[in-house]
Amino acid sequence: MATNNEKAKGVLVDLTRCIGCRGCQVACKSWNERKTGKTTIEGNFTNPKQLNSDTFTRIAFIEQDNGAQPVWSFVKDQCMHCQDPACLSACPVGAFTRTPEGAVNYTFEKCIGCRYCMVACPFNIPKYEWESTNPWIRKCTFCSDRIADGKIPACIKVCPTNVMLFGNREDIMKEAEKRMKDSPGKYVNHIYGKEEAGGTSWVYLSAVPFDQLGFNTKIPAQKLPDLTWNMLGTIPAKVGALVVGLSLIAAFRNRGANNDDDSSESKQGKEK
Amino acid sequence: MAATSTASALPAPAAGFKALIALVGVGFAAALYRFWVGLGASTNLSDSVPWGLWVAVDVLSGVALAAGGFGITAAVYIFNMKKYKSIARPAILTAWIGYTVVVIGLVIDIGKPLAFWHPLVMWNPRSVMFEVVVCITLYSAVLALEFAPAFLERFKLTGLQKFLKLFTFPLVIAGIVLSFLHQSSLGGFFLIMPHKVPALWWSSNLPYMFYLSAIALGLAMVSFESIVSARAFKREQEMEIIQGLGRGVLITLGLYFAFKVGDLAYRGALSQVFSSGKASVFFILEMLIGVIVPIGLYAVKSIRESVNGLFLAACCVIVGTVMNRFNVNFFAQAGPNSNYFPSIVEILITIGLVSLMVLLYRLAVTYLPVFHEPGKSH
């Protein structure tokens, strides 16, 4: 899992540039041939309320009161494409892969539908086709089919205000730092995704503190699969220790076990 | 399985038997419905709560309930505590039936039931889920071999039985090792989401907590069954054994309690016990019912020397530990928008699976030499 891979792509999302036109939402649906649903307004312009198996990206409309007037923030949500993805390590059958470009992709043919990826994802991104009897996990693919073809992701292509910058992850990280340096005070002093969950391919700049925009700011800055690997990686040692320990205890506790009514078992006990 | 055999050592108890079959039938019909219409239409699972009642009860609790299998075999064969030999077979039977039903529950729960075999050929060694599937598969085979003597005895295949005896110790050790691995790994599922699971439960020690509480639950389950079976078959209660089991549960619960409190204190999370809102309520209930009340019950001499007292304490441990599994699973997913209560289909299937366990157990103890004591012929 080379994180400094030359080919690793990234996207810088500069939320200060977003005008909430939702062109990215439409382009995503169209490129990925996702169904549209009937939308409703329920005291909030975010539509749909959550990502779902037919909506891989959507703009959250966040209204805040600035004393005199409402202030709107628009937040694009989609898979962050972690550099060391929790979903990939969680999946029992290896249905997730990470391409050299950094896209985290899913293979339906392998999936058994256990949904551990959904539970394990720090950003709650994978969604399920609950209404299907042969359901897929669905999420943003980073348009890896387009990237493989030398194109940029559909949502970035249509954005009228250049909210998103696509490039090598190293370059877009430098650009993020440059923008913060060039406009002191414009952004909060944090690049979301630089370190969250061990670093993500998509990173964000914002003028409003991230926790006020629905970003989870409690996600630790560590590769999450390490947390389970700490346990799994020691299994061979544990098995060895247990087998030796149990054999010794059994041999000691069953020593001279000729008081048992069962002769073959006593012999077994002595051999140990 | 053994239903075709003619002779039976013990009379089949009729009371409740028909009700059990009816519940299994209803559960089976509900499972067919679930396969026919899919998970969305038959359950209350959603993108915000993808793991519900089936994962919490049928899988997480079901596996823990079966922990008596390795607990008792360890006591009998490794620690040479001979007095428990008479309950080794019922404990192994419980575990074997438990795992069989867990696997049925898993197949119902996964979105693509026909792909259930994929983990056996498509390996992801970095996945806890993969490890659990491998361990459960291997352990089911170990349990089948550990229980096989009951069949061999029943059908008088002494040659095979003698051959199998050569492997008693390796099988017992394999069973203990596999159980340690997957019982703890069920807690390991939740390690990867430290920011999602409330601090009341999340700890890097979560796997060991699951392991310890599984032992308490497994032993409680064995004593529960011993008491109920003795009543059902009008046998005398084996006081020495169920009191010994009670001591085992008490020691394990004491360790668990100390470990839990120490861990909370070490992580500076003790203050959250009362300040985590809904999670606090569920956490306190789980600790009271599953740990503190039973410790109190076992501590009183008159209670731990009475069958009813031991029965009540075992019931507390069973309910409390199932609550623990439910809580960890639910609060790991619960966000501001999460709301979950199982659908009627989910509940009927779970009741059906529990009834299936009881039914299989009853058939086995009726037609196979399960409670056969060494020395006596059945």
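Protein chains in written order, with my numbering: chain C, 22 to 293; chain S, 4 to 381. Virtual Cβ for every residue (Gly too), placed ideally from N, Cα, C. As the structure is a prediction and not an experimental result, all values here were calculated from the model.
Please list, in chain order, the chain S residues whose beta carbon lies closer than 7 Å to that of residue i.
i, result
"Lys131 (chain C)", "His121 and Met125"
"Thr249 (chain C)", "Val131, Gly191, Leu194 and Ile195"
"Ile240 (chain C)", "His198"
"Asn275 (chain C)", "Asn83"
"Val114 (chain C)", "His121, Pro122, Met125 and Asn127"
"Val260 (chain C)", "Val180"
How many Å lie between residue i and residue j at the Cα?
i, j, result
"Ala147 (chain S)", "Leu209 (chain S)", "29 Å"
"Thr78 (chain C)", "Ala118 (chain S)", "29 Å"
"Leu141 (chain S)", "Asp86 (chain C)", "59 Å"
"Leu169 (chain S)", "Ala77 (chain S)", "17 Å"
"Cys45 (chain C)", "Val284 (chain S)", "43 Å"
"Leu263 (chain C)", "Val180 (chain S)", "7 Å"
"Tyr301 (chain S)", "Thr120 (chain C)", "57 Å"
"Val184 (chain C)", "Lys195 (chain C)", "16 Å"
"Phe82 (chain C)", "Ser226 (chain S)", "57 Å"
"Leu267 (chain C)", "Ile176 (chain S)", "7 Å"
"Val303 (chain S)", "Val296 (chain S)", "11 Å"
"Asn342 (chain S)", "Ala202 (chain S)", "20 Å"
"Met326 (chain S)", "Ser165 (chain C)", "43 Å"
"Val200 (chain S)", "Phe193 (chain S)", "7 Å"
"Ala223 (chain S)", "Val252 (chain S)", "6 Å"
"Phe382 (chain S)", "Gln164 (chain S)", "Residue numbering for chain S in the displayed model covers 4 to 381; residue 382 (chain S) lies beyond these limits and cannot be assessed."
"Met252 (chain C)", "Gly64 (chain C)", "46 Å"
"Arg365 (chain S)", "Leu234 (chain C)", "57 Å"
With 16 as the cutoff for other CB atoms within 10 Å, does residue i come out buried or exposed?
i, result
"Glu54 (chain C)", "exposed"
"Met242 (chain S)", "exposed"
"Glu130 (chain C)", "exposed"
"Asp112 (chain S)", "buried"
"Lys28 (chain C)", "exposed"
"Lys21 (chain S)", "exposed"
"Gln104 (chain C)", "buried"
"Trp39 (chain S)", "exposed"
"Ile62 (chain C)", "exposed"
"Gly293 (chain S)", "buried"
"Pro106 (chain C)", "buried"
"Met171 (chain C)", "A small correction: the amino acid at residue 171 (chain C) is Gly; Met does not occupy that position in the sequence shown. Exposed is the call here."
"Ala169 (chain C)", "exposed"
"Ile40 (chain C)", "exposed"
"Ala3 (chain S)", "Residue 3 (chain S) cannot be examined here, being either before or after the span of chain S that is shown, 4 to 381."
Leaving out five residues on either side along the sequence, give the residues of the same chain with a beta carbon under 7 Å from the beta carbon of residue i.
i, result
"Glu150 (chain C)", "Ser74, Pro156, Trp157 and Arg159"
"Glu84 (chain C)", "Pro91 and Trp93"
"Ala25 (chain S)", "none"
"Arg136 (chain C)", "Tyr149"
"Leu189 (chain S)", "Leu63, Val66, Val135 and Phe213"
What are the partner residues of residue i, as DSSP defines its beta bridges?
i, result
"Thr128 (chain C)", "Thr128 (chain C) is not bridged to any residue."
"Ile62 (chain C)", "In DSSP, Ile62 (chain C) forms no bridge with anything."
"Lys223 (chain C)", "Reading off the sequence, residue 223 (chain C) comes out as Trp, not Lys. BP columns for Trp223 (chain C) point to C:Val32."
"Ser94 (chain C)", "C:Ile83"
"Phe231 (chain C)", "Per DSSP, none; premise fails for Phe231 (chain C)."
"Asn73 (chain C)", "C:Thr76"
"Phe154 (chain S)", "Answer is none; Phe154 (chain S) lacks a bridge partner."
"Ile158 (chain C)", "C:Tyr149"
Give the residues of chain C in contact with residue i, contact being defined as C-beta atoms less than 7 Å apart.
i, result
"Trp54 (chain S)", "Arg136 and Val140"
"Ile176 (chain S)", "Val264, Leu267 and Ser268"
"Tyr80 (chain S)", "Ala271"
Starting from the beta carbon of residue i, find every residue of chain C whose beta carbon is closer than 8 Å, and list them in chain order.
i, result
"Glu134 (chain S)", "Leu253 and Ile256"
"Ser49 (chain S)", "Trp151"
"Gln336 (chain S)", "Val140"
"Lys115 (chain S)", "Cys132, Ile133, Gly134, Asn155 and Pro156"
With a CB to CB cut of under 8 Å and the five nearest residues on each side skipped, what residues in its chain are close to residue i?
i, result
"Val373 (chain S)", "Arg92, Pro93, Leu96, Ala153 and Ala367"
"Ala29 (chain S)", "Reading the sequence as shown, one finds Val at residue 29 (chain S) and not Ala. Cβ neighbours of Val29 (chain S) beyond the five flanking positions: Leu351, Ile354 and Gly355."
"Val114 (chain C)", "Lys131, Cys132 and Ile133"
"Leu215 (chain S)", "Thr255, Leu258, Tyr259 and Phe262"
"Ile230 (chain S)", "Gln240, Ile245, Val310, Leu313, Phe314 and Ala317"
"Leu276 (chain S)", "For clarity, residue 276 (chain S) is Val in the given sequence; the question names Leu instead. Answer for Val276 (chain S): Leu203, Leu267, Ser283, Phe286 and Ile287, listed in chain order."
"Ser11 (chain S)", "Its pLDDT being 41, under 50, Ser11 (chain S) is placed unreliably by the model, and the measurement read from it follows with that caveat. Thr369 and Tyr370, listed in sequence order."
Which residues in the same chain have their Cβ closer than 6 Å to the Cβ of residue i, if we skip the five residues on either side of it in sequence?
i, result
"Arg307 (chain S)", "Gly249 and Tyr301"
"Asp266 (chain S)", "Ser206 and Asn208"
"Glu216 (chain C)", "Ala242"
"Val229 (chain C)", "Ser94"
Residue i versus chain S: which residues are under 8 Å apart at the beta carbon?
i, result
"Ala81 (chain C)", "Result: empty, since nearest Cβ-Cβ is about 13 Å, beyond 8 Å."
"Val125 (chain C)", "Residues of chain S passing the Cβ test: none, with the nearest at roughly 14 Å."
"Thr154 (chain C)", "Phe38, Trp39, Val40 and Gly41"
"Lys148 (chain C)", "Asp50"
With a threshold of 7 Å (Cβ to nearest heavy atom), would residue i be considered close to the ligand GDP?
i, result
"Met201 (chain C)", "In the structure on display, the ligand GDP does not appear, and there are no ligands present to speak of."
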